Amino acid sequence: MSPQTDFRMAAMRLLEFGLWVQAPEHLYVAREMTTRLGKWDRLEPDLMVVQRSARTGPDQTWYEPDDVVLTVEIVSRDSVRRDRDVKHRKYADAGFRHFWRVEEEGGLPVVYVYELDPATQQYAVPVIHRDRLKLDLPFPIDIDLTAFDRPQRPNP
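In the working numbering, the protein residues as written are 1417 to 1572.
So, in structure tokens, the structure goes:
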């Protein structure tokens, strides 16, 4: 594993926490777990949202693609090609309906939101989110992207 940047760590924390507190009860947020794409092919997204029922116990190391609701990749300098091209294609080929690619722009996270087109089995043109990530799918999500380097607490 290559050295991690402060940006990557802070962006991952922000998104993990935001997903964790907003995900419905039947979903689970997994960090740096693998998903098995074939007998010899696994990918390790930075974050995944999976069906809670897919959890098998403390020794589990991977999830089946059918259990994955969302994958998130946070791009770093040494992963640009893999995250923008290779993983993007593999996730589409595996049928992952929702994929986010997160990049740094001006010190803040920018989230590229992809949804799989069922007709082509390819990701449609992404919707780009700056400052605020507000979505209805795969479940209602509202994350202040400008708060990535300070604690966020749920509204009382």
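Here a beta-carbon is modelled for each residue, glycine too, at the ideal position from N, C-alpha and C.
Predicted model only: the values in this text are computed from it and were never measured.
Asked, Found
"Nearest-angstrom Cα separation, counted from residue 1430 out to residue 1538", "28 angstroms"
"Touching by the beta-carbon criterion (3+ pairs, under 8 angstroms), the stretch 1526-1535 and the stretch 1460-1471", "no"
"Sub-8 angstroms separation of residue 1414 and residue 1438 beta-carbons", "Nothing in the structure corresponds to residue 1414, since the chain is present only between 1417 and 1572."
"Bridge partners - residue 1534, DSSP secondary structure assignment", "Paired residues: none, contrary to the question."
"Where the beta strand (DSSP E) through residue 1446 begins and ends", "1443-1447"
"C-beta atoms of residue 1490 and residue 1445 nearer than 8 angstroms", "no"
"Cα-Cα separation between residue 1572 and residue 1559, rounded to whole angstroms", "In this predicted model, residue 1572 has a pLDDT of only 45, less than 50, meaning its place in the structure is not dependable; the value taken from the coordinates is given anyway. So the alpha carbons of these two residues sit roughly 16 angstroms apart."
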